[in-house]
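Chemist: Keeping their order, the protein sequence lines are chains C, X, F and V.
Residues in the first sequence are numbered consecutively from 337, following the numbering used here.
Residues in the second sequence are numbered consecutively from 337, following the numbering used here.
Residues in the third sequence are numbered consecutively from 337, following the numbering used here.
Residues in the fourth sequence are numbered consecutively from 337, following the numbering used here.
Ideal Cβ placement from N, Cα and C applies to all residues, glycine included.
Let me begin by handing over the structure; questions about it come next.
Protein chains: 4
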Amino acid sequence: MNSFGRLFRIHIFGESHGACAGITIDGCPAGVPLGAEDFVTDIERRKGGQQKGTTPRVEDDLPIFKSGLFNGRTTGAPLTILFENNNTRSSDYEKQRSIPRPGHADFTASVKFGGHEDYRGSGHFSGRLTVCLVAAGVVAKKLLASVSINATITRIGGEADTEAGLQKAIDAKDSVGGIVECRVNGLPAGLGEPFFDSAESLLAHAVFAIPAIRGIEFGTGFAAAQLMGSQHNDAIEDGEGHTRTNHAGGIVGGITNNNTLVFRVAVKPTSSTPQAQQTYNWETGEQDTLAVRGRHDLCIALRVPVVLEAVTAFVLADLMMLEQRIRRIW
Amino acid sequence: MNSFGRLFRIHIFGESHGACAGITIDGCPAGVPLGAEDFVTDIERRKGGQQKGTTPRVEDDLPIFKSGLFNGRTTGAPLTILFENNNTRSSDYEKQRSIPRPGHADFTASVKFGGHEDYRGSGHFSGRLTVCLVAAGVVAKKLLASVSINATITRIGGEADTEAGLQKAIDAKDSVGGIVECRVNGLPAGLGEPFFDSAESLLAHAVFAIPAIRGIEFGTGFAAAQLMGSQHNDAIEDGEGHTRTNHAGGIVGGITNNNTLVFRVAVKPTSSTPQAQQTYNWETGEQDTLAVRGRHDLCIALRVPVVLEAVTAFVLADLMMLEQRIRRIW
Amino acid sequence: MNSFGRLFRIHIFGESHGACAGITIDGCPAGVPLGAEDFVTDIERRKGGQQKGTTPRVEDDLPIFKSGLFNGRTTGAPLTILFENNNTRSSDYEKQRSIPRPGHADFTASVKFGGHEDYRGSGHFSGRLTVCLVAAGVVAKKLLASVSINATITRIGGEADTEAGLQKAIDAKDSVGGIVECRVNGLPAGLGEPFFDSAESLLAHAVFAIPAIRGIEFGTGFAAAQLMGSQHNDAIEDGEGHTRTNHAGGIVGGITNNNTLVFRVAVKPTSSTPQAQQTYNWETGEQDTLAVRGRHDLCIALRVPVVLEAVTAFVLADLMMLEQRIRRIW
Amino acid sequence: MNSFGRLFRIHIFGESHGACAGITIDGCPAGVPLGAEDFVTDIERRKGGQQKGTTPRVEDDLPIFKSGLFNGRTTGAPLTILFENNNTRSSDYEKQRSIPRPGHADFTASVKFGGHEDYRGSGHFSGRLTVCLVAAGVVAKKLLASVSINATITRIGGEADTEAGLQKAIDAKDSVGGIVECRVNGLPAGLGEPFFDSAESLLAHAVFAIPAIRGIEFGTGFAAAQLMGSQHNDAIEDGEGHTRTNHAGGIVGGITNNNTLVFRVAVKPTSSTPQAQQTYNWETGEQDTLAVRGRHDLCIALRVPVVLEAVTAFVLADLMMLEQRIRRIW
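Okay, structure coming up:
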C-alpha cells in the first residue's frame with residue numbers, strides 16, 4: 337500500500353511518465369495557512385538540473401491543489417496535491433522494454449504486476465514520486481514549528497570532501513553513492529513507543545520508502561557494535577534527560593529522549609550509470625549489454641537531503657499528533 | 337501500538353517482572369499443526385545462561401496456549417500464547433527507582449507514561465518480551481516451509497573472531513556490541529511493494545522493534561555508498577532474475593528479486609555494563625554513580641540471532657500471505 | 337479518515353464546489369481492463385436531473401484517470417480518478433454562511449474544523465462525493481465477475497408504490513425519505529469473520545458512509561426481533577448450506593453462508609426541503625427562518641441504489657481478495 | 337481480524353470451552369486506577385442464570401490481569417485480561433458435530449476454517465466472548481467520566497411490556513427476539529468524521545460484532561424513511577447546537593452534534609430454541625432433526641444491554657481520544 341501514518345496520513349500515487357505524481361494527506365489539522373509559495377524552497381532543492389551530478393530533466397513542479405484547501409488554509413478534509421508531468425520523453429524507455437536494467441525495478445515490477453506495470457521511466461517506481469514525499473514534508477514542517485530538521489550529504493564515494501567524491505565519478509563517467517545525515521533539534525521527549533512503533537521503526541519504515549536507500553543507522557549506529565558499554569552509554573546530566581554524549585542519537589527504548597535526533601542513511605550509486613552493463617534480454621533469452629541513455633543523476637544522494645528531511649518531518653508530525661503535541665500557532 | 341502485520345498479525349504484551357510475556361497471533365491460517373515441542377529449539381536458542389556472556393536468569397519458558405489451538409492444530413481464531421515469569425527478583429530494581437539507568441528506557445518511559453510504568457526489570461520495555469517475537473517466529477517459520485532463514489553473529493566488539501571479541505569484554509569487565517547477519521534463501525520474487533510497503537521498510541520496521549538495534553543495512557549496505565554504479569549494479573543472468581553479484585541483497589525497487597535476501601544489524605553493547613556509570617538522581621537532583629547489579633548479558637548480540645530470524649520470519653510470512661504464496665502443505 | 341478496505345483500499349477526497357471529487361484505489365490487481373466507457377452506466381444512474389424528484393444539477397462526470405492505468409489496464413499501482421466540478425453555483429451558499437441548515441453538517445463541520453471547512457454546497461460533506469463511491473464500485477464490480485449486486489427502492493414515504501410516495505412529496509412541496517434494498521447473488525460461503533470483521537460490520541461501516549442513511553438491517557432485520565426462534569431459524573437443506581428460508585440474509589456468525597445476501601437501508605428525507613425551516617443565526621444570536629434554494633433532490637433515496645451497490649461491491653471485493661477468491665478472468 | 341479502534345484499540349481472543357476468553361487493550365492512557373472491583377457490576381449484569389430467560393451457566397468471571405497494570409493503575413503498556421472458563425460441559429456439543437445447528441456458525445465456520453475450528457459451544461464464535469467486550473467497556477467508561485451511557489430493552493417479541501413478551505416465549509417453549517435502545521448523554525460535539533469514519537459507521541461496525549444483532553438505526557431510524565423533510569429536520573435552537581427535536585439521534589454529517597446520541601438494535605431470537613429444528617446431517621447426507629439441549633438463553637436480548645453499552649463506550653473512548661477530549665481526571 338502506498339500509505340503511511342496513523343493520524344497525519346499520506347497516500348501517494350502517480351508515475352514518471354503518466355499524467356502526474358500526486359499526494360493526498362488525510363488528517364492534517366484544519367486552519368493551517370498553505371499556498372504554492374510554501375513549496376518553492378523544498379521543491380527547488382529537490383529538483384535536478386541545477387548542480388553538477390544531477391539530471392537535466394526539470395519540471396516546473398507547481399503544486400496543483402485539488403482538495404482540502406479553502407481561502408488559503410487547510411480545511412481538515414483530505415488535501416490532494418498534483419504535480420504534472422510535462423517534461424517527459426517516453427521514447428527513451430519504450431525501446432528498452434525487453435532488457436531489464438540492473439539495479440532498477442524493471443524485473444521485479446514485471447514479475448509482481450504480470451507485465452502490466454507502466455514501465456516508462458520506472459513508472460510508479462520512479463524517483464519522480466519523491467516530489468510527493470517532499471510535498472508532504474512541506475505540510476508536516478508547518479506543523480512542527482519549533483522543530484528544526486536538517487539533512488546534509490556527509491560523504492560521496494567515501495569522501496568527506498563531497499566535491500572530490502563527485503568529481504571522481506564524473507571523471508570515471510560512472511555514477512556514485514553517498515551518505516546523508518539528518519539531525520533534528522527541538523523535539524520533546526516522549527515520542528515513539530517500545531517495540532513496533534518505536535521512533536526508529538517508524539523512521540526506518542518511511543526512510544526505506546525513498547528509492548536507493550540501502551541502510552540506516554541511529555546515533556553511533558554500526559560503529560556502536562564495536563564499542564563497550566562504558567564507552568557507548570550516554571550519561572544523563574539533568575532532569576530533562578540531556579546527556580553528556582549522544583551515542584543513542586536521541587532515542588532510547590524507542591522513545592525520544594530530549595537530545596538531538598541523529599541518523600544517517602546510505603544511498604547507493606545511481607543505477608543508471610553511463611557505463612555499459614551486462615543484463616538479460618527477455619526476447620532473445622540471452623545476455624545483452626545495456627547502455628543507459630536518457631537523463632539521469634550521477635549521484636542520486638545529492639537529491640536525497642530534502643527528501644530525507646520531508647520523510648522525517650511527516651513521521652515526526654504524526655508522532656507529535658499522537659502525543660497531542662501539535663500547537664495550533666497558526 | 338504493540339502490533340505488526342497486515343494478514344499475519346501479531347500483538348505482544350507483558351512485562352519483565354509481571355505475570356507473563358504474551359503474544360496473540362491473528363490471521364494465522366487454520367490447520368497448522370502446532371505444539372509445545374515446536375517451540376523448544378528456538379526458545380532454547382534465545383535463552384541466556386548457557387553460554388559465556390549471557391545472563392544466568394533462565395525461565396522454563398514453556399508456551400502456554402490460551403486460545404486458537406484445538407486438537408493440535410491452529411483453528412483460524414486468534415492464537416494466544418503466554419510465557420510465565422517465574423524466576424524474577426524484583427528487589428534488584430526497586431531500590432534504583434530514583435536513578436535512571438543510562439542506555440535504558442527508565443527516563444523516557446517515565447516521561448511518556450507519567451511515572452505509571454512498571455519499572456521493574458524495564459517492565460514492558462524488557463528484552464524479556466523478545467520471547468514473544470521468537471514465538472511468533474516459530475509459527476511463521478511453519479508457514480514458510482520452503483524458505484530457510486539463518487542469522488549469525490559476524491562481529492563482536494569489531495572482531496570477526498567473535499570469541500576473541502567477547503573475551504576482550506570479559507577481561508575488561510565491560511559489555512560489548514556486535515553485528516548479526518541474516519540470510520534468507522528460497523523466497524519467491526515479488527514480495528514487497530514500491531515505497532511504504534517495500535520489503536526493506538517492513539523488515540526494518542520490525543527489526544527496530546528488537547531492543548538494542550542501532551542500524552540495519554541491506555546487501556552491500558553502507559559500503560554501497562562508497563561504490564560506483566558499475567561496481568554496485570548486479571548483472572541479471574537469466575529469466576528468473578538471478579544476478580551475478582548480490583549487492584542489492586535480494587531486494588530491488590522494494591521487491592524481492594529471487595536472489596538471497598541479505599541484511600545486517602548493529603547491536604549496541606548491553607546498557608547494563610558492570611562498569612560504574614554517571615547518571616542523574618531524580619530525588620537528590622544531583623549527579624550520581626550507578627553500579628548495575630542484577631543478572632545481565634555482557635553481549636546482548638549473542639541472543640539476537642534467533643530473535644532476528646523470528647522477526648524476519650513473521651515479516652516474510654505476512655508478505656507471502658499477501659501474495660497468496662503460502663502453500664497449505666500441512 | 338477517508339479510507340476503507342484492507343486489500344482493495346479506497347481513499348476519497350474533494351468538495352462539492354472545489355476543483356473536483358476524486359478517488360484513489362490502492363491494491364487493485366494489475367491487468368484489469370478499464371476505460372471511461374466502463375463508468376458510463378453507473379455514473380448515469382447516479383446523476384440527478386433525469387427523473388422526477390432529483391436535482392437538475394448535472395455534471396458530465398467523465399472519469400479523468402490520473403494514475404494506475406496504462407494501455408487500457410490497471411497497473412497494480414494506485415488508481416486515481418478525478419471527476420471535475422464544472423457546474424457549480426457557489427453564490428447560492430455563501431450568503432447562508434451564518435445560518436446552519438437543519439439536517440446538514442453546517443453546524444457539526446464548523447465545530448469540528450473550527451470554521452475552516454469549505455462550506456460551499458456542504459464542501460467535503462456533500463453527496464457530490466458519492467461519485468467517488470460509485471467509481472470504486474465500477475472497479476470492484478469488475479473483480480466480482482460472477483457476482484450480481486442489485487439495489488432497488490422498495491418504499492418512498494412509506495409507500496410500496498414508490499411513484500405514489502414521491503408524488504405525495506411533490507404535492508406537499510416537501511422532501512421525503514425511502515427504503516432501499518440490496519440483494520447479492522453468486523457469493524461464495526466463507527466471507528467475513530466473527531466479531532469485528534463480520535460481513536455485517538464491514539457492510540454497515542461502509543453503508544453509513546453514504547450521506548442520509550439512518551439505519552441498516554440484514555435479512556429479516558428489525559422484524560426478527562418480534563419472532564420466535566422456531567420461526568426465525570433457517571433450516572439447512574444441503575451440504576452447500578442452502579437454507580429453506582433466508583431470515584439470516586445470507587450471513588451467519590459474521591460469515592456468508594452461500595445464500596442470497598439481503599439487506600435494507602433507511603434513507604432520511606432530503607434535508608434541503610423547499611419548506612421553510614427554523615434554525616439559529618450565528619451572527620444575530622437569534623432564531624431565524626431558512627428557505628433553502630439551490631438545486632436539490634426531493635427524494636435522495638432515488639439516487640441511493642447505485643451508490644449502495646457500489647459500496648457493497650467494494651466491501652465484497654475486499655472480502656473476496658482476503659479469501660483469495662478473485663479469479664483473474666481478464 | 338479480532339481488533340477494533342485506532343487509539344484505544346482492543347483485541348479479543350478465546351473460545352467458549354477453551355481455557356479462557358481474553359482481551360488486550362492497547363493504547364489505554366497510563367495512570368487510570370483499575371481493579372477487579374471495577375468489573376463487578378457490568379460483569380454481573382452480563383451474566384446469565386439470574387433472571388428468567390437467561391442460561392443457568394454461570395462463570396465466576398473474575399478478571400485476571402496479565403499485563404499493563406501496576407500498583408493499581410494502568411501503565412500505558414498493553415492491558416491483558418483473561419476470564420477463565422471453569423464451568424463448561426463440552427460433551428454437550430461433541431456429539432452434535434455432524435449436524436450444523438440452524439442460526440449458529442457451525443456451517444460457516446466449518447467452511448471458512450476447513451473443519452479445524454474449535455466447535456465446542458460455538459468456540460470462538462460464542463457469546464462467551466462478549467465478556468471481553470464488557471471488560472473493554474469497563475475500562476472505556478473510566479475514560480468517559482462525564483458521559484453517561486444507558487442501554488435498555490424496549491421490546492421483547494414485539495411487546496413493549498417486555499415481561500409479557502418473555503412470558504409468551506416461555507409458554508411457547510421457544511426463544512424470542514427483542515429491541516435494545518442505547519442513549520448517551522454528555523458527549524461533546526465534533527466526534528466522528530464525514531464518510532468512512534462517521535460516528536454511525538464506527539458504532540455500527542462495533543455493534544455488529546455482537547452476536548445476534550440483525551439491525552441498527554440511529555435517531556428516528558427506519559421510521560425516518562416515511563417522513564417528509566419538514567417533519568424530520570431538527571430545528572437548531574442555540575449556538576451550542578441543541579435541537580428542538582432529535583430525529584437525527586445526535587449525529588449529523590457523521591459527527592456528534594451535542595444532543596443525546598440515540599440508537600436501537602434488533603436482536604434475533606436465540607438460535608438455540610428448545611423447539612425441534614430441521615437441518616442437514618453431514619455424515620448421512622440427509623435431513624435431520626435437531627433438538628438443542630445444553631444451557632441457553634431463551635431471549636439473548638436480555639443480555640445485550642450491558643454489551644451494547646460496552647461497545648458504545650469503547651467506540652466513543654476512541655473518538656474522544658482522537659479529538660483529544662479525554663481529561664486526565666484520575
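Taking a cut of 9 Å between CB atoms, which residues from the region 526 to 542 of chain C lie near chain X?
Modeler: Cβ contacts with chain X: G526, L527, G528, E529, P530, F531, F532, D533, S534, A535, E536, S537, L538, L539, A540, H541, A542.
Chemist: I need the boundaries of the beta strand (DSSP E) containing V:Q614, first residue and last residue.
Modeler: Here the question's residue 614 of chain V lines up with position 278 in the fourth sequence. Start and end: 613 to 617.
Chemist: Judging by CA-CA distance, which residue of C:E553, C:V628, C:F599, C:V601 is the nearest neighbour of C:Q611?
Modeler: Here residue 611 of chain C corresponds to residue number 275 of the first sequence, with the count starting at 1. Out of C:E553, C:V628, C:F599, C:V601, C:V628 has the C-alpha closest to the C-alpha of C:Q611.
Chemist: Rounded to a whole number of angstroms, what is the C-alpha to C-alpha distance between X:F344 and X:E645?
Modeler: Numbered from 1 along the second sequence, position 8 holds the residue referred to as residue 344 of chain X. Numbered from 1 along the second sequence, position 309 holds the residue referred to as residue 645 of chain X. Roughly 16 Å separates the two Cα atoms.
Chemist: Suppose you measure from the CA of F:A637 to the CA of F:A496; what does that come to, to the nearest Å?
Modeler: Stepping through the third sequence from its first residue, residue 637 of chain F is reached at position 301. Stepping through the third sequence from its first residue, residue 496 of chain F is reached at position 160. The alpha-carbon atoms of F:A637 and F:A496 are separated by roughly 13 Å.
Chemist: Ordered along the chain, which non-local residues of its own chain (more than five positions away) have a Cβ less than 7 Å from that of V:R433?
Modeler: Position 97 of the fourth sequence, counting from 1, holds the residue named residue 433 of chain V. Closer than 7 Å at Cβ, skipping near neighbours: Y455.
Chemist: Hey, would you say the C-beta of C:I400 is under 8 Å away from at least one heavy atom of the ligand MG?
Modeler: The model on display carries no ligand, and the ligand MG is accordingly not part of it.
Chemist: Do you know how far the Cα of V:V543 is from the Cα of V:T648?
Modeler: In the fourth sequence, residue 648 of chain V corresponds to position 312, counting from 1. In the fourth sequence, residue 543 of chain V corresponds to position 207, counting from 1. Cα to Cα, V:T648 sits roughly 8 Å from V:V543.
Chemist: Closer than 9 Å, CB to CB, is C:L343 near chain V or not?
Modeler: Translated into the one-based positions of the first sequence, residue 343 of chain C becomes position 7. Output row for C:L343: interface = yes.
Chemist: Just to confirm my understanding: we take V:R342, look at its own chain, exclude 5 residues before and 5 after, and list those with CB closer than 7 Å. What are they?
Modeler: Position 6 of the fourth sequence, counted from the first residue, corresponds to residue 342 of chain V. Contacts found: D654, L658.
Chemist: Assign V:K402 to one of two classes, buried (16 or more other C-beta atoms within 10 Å of its C-beta) or exposed (fewer than that).
Modeler: Your numbering for residue 402 of chain V matches position 66 in the fourth sequence. Answer is buried; the Cβ neighbour count reaches 16.
Chemist: Does any C-beta atom of chain V lie closer than 9 Å to the C-beta of C:L655?
Modeler: The residue given as residue 655 of chain C occupies position 319 in the first sequence. No - not a single Cβ of chain V is within 9 Å of the one on C:L655.
Chemist: In chain order, what residues of the same chain have a beta carbon less than 8 Å from the beta carbon of X:I591, not counting five sequence neighbours either side?
Modeler: For the purposes of this step, residue 591 of chain X is identified with residue 255 of the second sequence, where counting begins at 1. A525, G526, L527, G528, E529, P530, S534, A535.
Chemist: Between the alpha carbons of V:K478 and X:G451, how many angstroms are there, rounded?
Modeler: In the fourth sequence, the residue the question calls residue 478 of chain V occupies position 142. In the second sequence, the residue the question calls residue 451 of chain X occupies position 115. Answer to the nearest angstrom: the Cα atoms are 20 Å apart.
Chemist: Is X:L658 close to chain F? Criterion is C-beta to C-beta, closer than 9 Å.
Modeler: Walking along the second sequence from the start, residue 658 of chain X turns up at place 322. Yes - at least one Cβ of chain F is within 9 Å of the one on X:L658.
Chemist: Per DSSP, V:D362 is paired with what?
Modeler: As a position in the fourth sequence, residue 362 of chain V is number 26, starting the count at 1. For V:D362, which the question treats as bridged, DSSP gives the partners V:R345.
Chemist: Could you check where the beta strand (DSSP E) with C:L597 kicks off and where it finishes?
Modeler: For the purposes of this step, residue 597 of chain C is identified with residue 261 of the first sequence, where counting begins at 1. Its beta strand (DSSP E) spans residues 597 to 603.
Chemist: Can you list the residues of chain F that V:N338 reaches, using a CB-CB cut of under 9 Å?
Modeler: By one-based count along the fourth sequence, residue 338 of chain V stands at place 2. Near V:N338 (Cβ distances below 9 Å), the residues of chain F are E529, P530, F531, F532, D533.
Chemist: Does the structure place the region 573 to 584 of chain V close enough to the region 541 to 561 of chain V that three or more beta carbon pairs sit under 8 Å?
Modeler: Segments in contact, yes.
Chemist: Suppose only complete runs of 4+ residues qualify. What are the alpha helix (DSSP H) ranges in the region 525 to 566 of chain F, listed by chain order?
Modeler: Counting only runs of 4 or more, we get 535 to 543.
Chemist: Is the shortest distance between the beta-carbon of C:F599 and the beta-carbons of chain F less than 9 Å?
Modeler: Sequence index remark: in the first sequence, residue 599 of chain C carries index 263 (1-based). By this cut-off, C:F599 is not an interface position.
Chemist: Just to make sure I have the definition right: I need the residues of chain X whose C-beta is within less than 8 Å of the C-beta of V:T410. Which are they?
Modeler: For this step, residue 410 of chain V is matched to residue 74 along the fourth sequence. Near V:T410 (Cβ distances below 8 Å), the residues of chain X are H452.
Chemist: Quick one: Cα of F:G589 to Cα of V:G363, how far?
Modeler: For the purposes of this step, residue 589 of chain F is taken as the residue at position 253 of the third sequence. For the purposes of this step, residue 363 of chain V is taken as the residue at position 27 of the fourth sequence. The straight-line gap from Cα to Cα measures roughly 28 Å.
Chemist: Identify whether F:A500 lies in helix, strand or coil by the three-state DSSP scheme.
Modeler: If you number the third sequence from 1, residue 500 of chain F lands on position 164. F:A500: helix per DSSP, three-state reduction.
Chemist: According to DSSP, is F:C635 helix, strand or coil?
Modeler: The count along the third sequence starts at 1 and reaches residue 635 of chain F at position 299. Coil at F:C635, not helix or strand.
Chemist: What residues match up with C:G514 in a beta bridge as DSSP calls it?
Modeler: On the first sequence, residue 514 of chain C is found 178 positions in, with the first residue counted as 1. C:G514 is bridged to C:I492, C:V603.
Chemist: Figure out for me which residue from V:L480, V:D378, V:A540 has the closest Cα to the Cα of V:V520.
Modeler: Along the fourth sequence, one-based indexing puts residue 520 of chain V at 184. Considering only alpha carbons, the answer is V:L480.
Chemist: What residues of chain C sit near F:H440, judged by a beta carbon separation below 7 Å?
Modeler: For this step, residue 440 of chain F is matched to residue 104 along the third sequence. Those do not exist, as F:H440 stays about 16 Å from chain C at its closest Cβ, beyond 7 Å.
Chemist: Any C-beta of chain V within less than 8 Å: which residues of the region 567 to 582 of chain F qualify?
Modeler: Listed by position, the residues of the region 567 to 582 of chain F near chain V (Cβ gap below 8 Å) are Q567, H568, N569, D570, A571, I572, E573, D574, G575, G577, T579, R580.
Chemist: Give me the Cα-Cα distance between V:A545 and X:A500, rounded to the nearest whole angstrom.
Modeler: As a working mapping, residue 545 of chain V is identified with position 209 in the fourth sequence. As a working mapping, residue 500 of chain X is identified with position 164 in the second sequence. Looking at the two C-alpha atoms, the distance is approximately 58 Å.
Chemist: So who's on the other strand from C:C356, going by DSSP bridges?
Modeler: Translated into the one-based positions of the first sequence, residue 356 of chain C becomes position 20. C:E420.
Chemist: Sort C:T410, C:F599, C:A505, C:T488 by Cα distance to C:P605 and report the nearest one.
Modeler: As a first step, residue 605 of chain C is located in the first sequence; it is residue number 269 there, counting from the start. The candidate whose alpha carbon is nearest that of C:P605 is C:A505.
Chemist: Does the beta-carbon distance from F:T360 to C:H440 come in below 9 Å?
Modeler: What you label residue 360 of chain F is simply residue 24 of the third sequence in a count that begins at 1. What you label residue 440 of chain C is simply residue 104 of the first sequence in a count that begins at 1. Cβ distance not < 9 Å, so F:T360 and C:H440 don't count as in contact.
Chemist: Buried or exposed: which applies to F:E453, given that a residue is buried once 16 or more other Cβ atoms fall within 10 Å of its Cβ?
Modeler: Sequence index remark: in the third sequence, residue 453 of chain F carries index 117 (1-based). Counting Cβ neighbours within 10 Å, F:E453 comes out buried, since at least 16 surround it.
Chemist: Going by the beta-carbon positions, is the gap between C:S458 and X:G565 smaller than 9 Å?
Modeler: Here the question's residue 458 of chain C lines up with position 122 in the first sequence. Here the question's residue 565 of chain X lines up with position 229 in the second sequence. Not in contact: C:S458 and X:G565 (Cβ atoms no closer than 9 Å).
Chemist: Measuring only between beta-carbons, confirm whether C:S607 sits less than 9 Å from chain F.
Modeler: As a first step, residue 607 of chain C must be located in the first sequence, where it is residue number 271. Chain F, which has no Cβ nearer than 9 Å to the Cβ of C:S607, makes this no.
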